[in-house]
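Below: one structure, written as C-alpha cells.
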Amino acid sequence: MLKQSFRYDQTAARLEIDGLPDFSANHGTNAIGILSSWRLTMIGGPEMEGQRDHLEALMAAVIPYARLQLSGVGKVQGNDNGPVRILPTEQGHQLELISSRSGVPPLTLELDDADLADLVRCLDALRSDARVCINWPPIVHLPLPKRELAERTPLRQRLAAPILGAGTFMVLGLAGLFVPIPTPEAPSQEDNQSDAQETVISNPSQATGER
Amino acid sequence: MSDVTVPAVLQPSQPEAVLGRRALERLDLLLLTVESLDLNGGEAMLWATQQLGFETVFPNRVELWKRRCHNPLRRSTRRGSLSAVETEALIRILCAMADRLYPMLRQLLSSREPDNLSRERWGLLDQRLRNLIEERMNLRRGAIQRLLDGEQARNLQRQLVLTLALAAGPGGVDRLRASLLDPNP
Numbered sequence: 244m245l246k247q248s249f250r251y252d253q254t255a256a257r258l259e260i261d262g263l264p265d266f267s268a269n270h271g272t273n274a275i276g277i278l279s280s281w282r283l284t285m286i287g288g289p290e291m292e293g294q295r296d297h298l299e300a301l302m303a304a305v306i307p308y309a310r311l312q313l314s315g316v317g318k319v320q321g322n323d324n325g326p327v328r329i330l331p332t333e334q335g336h337q338l339e340l341i342s343s344r345s346g347v348p349p350l351t352l353e354l355d356d357a358d359l360a361d362l363v364r365c366l367d368a369l370r371s372d373a374r375v376c377i378n379w380p381p382i383v384h385l386p387l388p389k390r391e392l393a394e395r396t397p398l399r400q401r402l403a404a405p406i407l408g409a410g411t412f413m414v415l416g417l418a419g420l421f422v423p424i425p426t427p428e429a430p431s432q433e434d435n436q437s438d439a440q441e442t443v444i445s446n447p448s449q450a451t452g453e454r
Numbered sequence: 103m104s105d106v107t108v109p110a111v112l113q114p115s116q117p118e119a120v121l122g123r124r125a126l127e128r129l130d131l132l133l134l135t136v137e138s139l140d141l142n143g144g145e146a147m148l149w150a151t152q153q154l155g156f157e158t159v160f161p162n163r164v165e166l167w168k169r170r171c172h173n174p175l176r177r178s179t180r181r182g183s184l185s186a187v188e189t190e191a192l193i194r195i196l197c198a199m200a201d202r203l204y205p206m207l208r209q210l211l212s213s214r215e216p217d218n219l220s221r222e223r224w225g226l227l228d229q230r231l232r233n234l235i236e237e238r239m240n241l242r243r244g245a246i247q248r249l250l251d252g253e254q255a256r257n258l259q260r261q262l263v264l265t266l267a268l269a270a271g272p273g274g275v276d277r278l279r280a281s282l283l284d285p286n287p
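If you read the sequences in order, they're chains C and H. Note that this note's numbering gives residue 441 to position 198 of the first sequence, counting from 1, and the numbers run on in steps of one. Note that this note's numbering gives residue 122 to position 20 of the second sequence, counting from 1, and the numbers run on in steps of one.
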C-alpha cells in the first residue's frame with residue numbers, strides 16, 4: 244500500500260519508477276525515498292528495467308551526451324565495462340545496456356534525435372521531481388576544452404590554414420633568396436683626401452670667432 | 103515530505119556567465135529560430151519574460167530587442183556585451199520558449215514522421231528563418247551567408263532545432279549555458 248509509482252511520459256519514451264517513502268528521513272506518504280525498480284520503454288524498442296545504480300548509470304551517460312550534442316560533438320559516453328553506453332551513429336544514436344545477469348545479451352536501441360530529446364526530458368523530469376527524495380549523483384556541465392571542439396571540424400579543414408601559412412612562408416623565403424643583395428661601393432682615394440682637409444665645426448660660435 | 107533534495111540538474115554551474123561574440127551570435131540565432139517556429143514569437147518571448155520574473159531586466163520589448171542587438175551579425179548592432187544577469191535571463195527565456203515549442207521541435211527531428219510532411223515542415227521553417235535573417239541580419243557577413251546557402255543552411259538549421267530540443271525546459275538551462283561558454287575553436 245505504501246508503494247509509490249511515478250511515471251514520466253514523452254511522445255516516444257516512458258520512464259516509470261517504483262519505490263517507497265523513507266520514513267526515517269521524514270518523507271511523506273506521497274514520496275519515493277527508496278527506489279526499488281525502474282522501467283524505460285522507448286517506442287519500437289523492448290522494455291528496459293533495472294535497479295537504482297543502472298538508472299544512475301543511464302543518467303550519467305545520456306545527460307552528458309546531450310550536453311555534448313549541444314556543442315556539436317558526438318562522443319561515446321559511459322564506461323566500456325559499465326551497464327550503459329551511448330554513442331553516435333550515422334542514423335542517430337545507439338544506446339547499449341549491458342545486463343548484470345549472466346547469459347543475458349546486451350540490449351541495443353537505435354534512437355533518432357527526437358527519441359534522444361524525449362529520453363533526456365524524461366530523465367530531467369525525474370531529477371527535478373520534488374516527490375522523488377533521492378540524492379542523485381550531481382551532473383555538472385562545463386564548457387568543453389578547445390581540443391574537443393576542434394575534433395568536430397574535419398581534419399582537412401583543420402590542417403588547411405597551417406599548411407597554407409607554412410607554404411606561403413616557404414615560397415616567400417625561396418623568392419627572397421633570388422633577390423640580389425646590394426654590395427656597398429668601396430670609397431675612392433680622392434674622396435678620402437677631401438674629407439681629411441675639411442675642418443669640422445661642431446659649435447657655430449667657434450666658426451664666427453675664427454672670422 | 104520535508105526533506106526534499108534540490109536536483110543537481112537545476113543548480114547553475116556557472117551563473118556568472120558572460121558570453122563572447124560567437125555565443126552572442128548563437129543565442130540570438132536560437133531566439134530567431136524560435137520566432138520562425140512561432141509566428142507570435144515576439145509576444146510569447148515578452149510573456150515568458152514576465153512569467154519568469156525578468157521584468158526588471160527587460161521591462162519592455164524595446165529593452166529585450168536592444169539586448170539581442172549585441173549580436174555582431176545584426177544589421178544594426180550594438181557594441182559591448184551582455185551582463186551576467188541579462189545573459190542568464192535570455193538563456194532561461196530561450197529554454198522556456200523551447201519547452202513551449204517542444205512538440206513542434208520533436209516533429210521536425212523525428213525520423214518516423216512521413217517524409218513529405220517532414221520536408222514541408224522544414225521548408226516552412228527554412229522560409230520563415232530566411233525572411234527573418236534577410237530582414238534583421240547583415241547579409242554581407244560570412245556566417246549569415248552560410249545560413250542562407252542550400253546544404254550548409256540545412257545542416258545549421260537542424261543543429262539549431264536539435265539545440266532547442268535538448269535545451270528545452272529547466273533541465274536544459276545548464277546544458278545550454280555550458281555550451282554557449284565553449285571557447286572558440
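Cβ atoms here follow ideal geometry from the backbone N, Cα and C, with glycine treated the same way.
Using a threshold of 8 Å, state whether the C-beta atoms of residue i and residue j are closer than that.
i         : j         : result
C/Thr-254 : H/Arg-208 : yes
C/Ala-274 : C/Cys-376 : yes
H/Leu-166 : H/Leu-141 : no
C/Val-319 : C/Leu-330 : yes
C/Val-327 : C/Ala-309 : no
H/Leu-268 : H/Ser-138 : no
C/Leu-313 : H/Leu-210 : no
H/Ile-195 : H/Thr-151 : yes
C/Arg-395 : C/Val-347 : no
H/Leu-231 : H/Leu-134 : yes
H/Leu-283 : C/Pro-386 : yes
C/Thr-272 : C/Leu-245 : yes
H/Leu-126 : H/Leu-184 : yes
Can you name the start and end residues of the beta strand (DSSP E) that residue i belongs to?
i         : result
C/Thr-351 : 350–354
C/Leu-258 : 256–263
According to DSSP, is residue i part of a helix, a strand, or is it coil?
i         : result
C/Ser-314 : coil
C/Val-375 : strand
H/Asp-284 : coil
H/Phe-160 : coil
C/Glu-391 : helix
H/Arg-214 : coil
C/Ser-248 : strand
H/Gly-122 : coil
H/Arg-170 : helix
C/Arg-344 : coil
C/Arg-370 : helix
H/Arg-181 : coil
H/Arg-277 : helix
H/Thr-107 : The predicted model places H/Thr-107 with a pLDDT of 37, which falls under 50 and marks its position as unreliable, so this point remains unresolved.
Would you kindly report the start and end of the unbroken alpha helix (DSSP H) that includes residue i?
i         : result
H/Ala-146 : 143–153
C/Phe-421 : 398–421
H/Asp-201 : 186–202
H/Gly-252 : 252–269
H/Ala-245 : 244–249
For the putative contact between residue i and residue j, defined by C-beta atoms under 8 Å, what is the C-beta separation to the nearest angstrom?
i         : j         : result
H/Val-159 : H/Ala-191 : 5 Å
H/Leu-132 : H/Leu-249 : Not confirmed; about 12 Å, so no contact.
C/Pro-349 : C/Glu-339 : 6 Å
C/Gly-276 : C/Pro-289 : Not a contact, Cβ separation roughly 29 Å.
H/Glu-188 : H/Arg-169 : 5 Å
Measuring from the CB of residue i, is there a heavy atom of the ligand GDP at a distance below 7 Å?
i         : result
H/Val-187 : With respect to the ligand GDP, the structure offers nothing, as it holds no ligand at all.
*Identify every run of the alpha helix (DSSP H) within the stretch 270–338 of chain C, keeping only runs that are complete inside it and at least 4 residues long; order them along the chain.*
295–313
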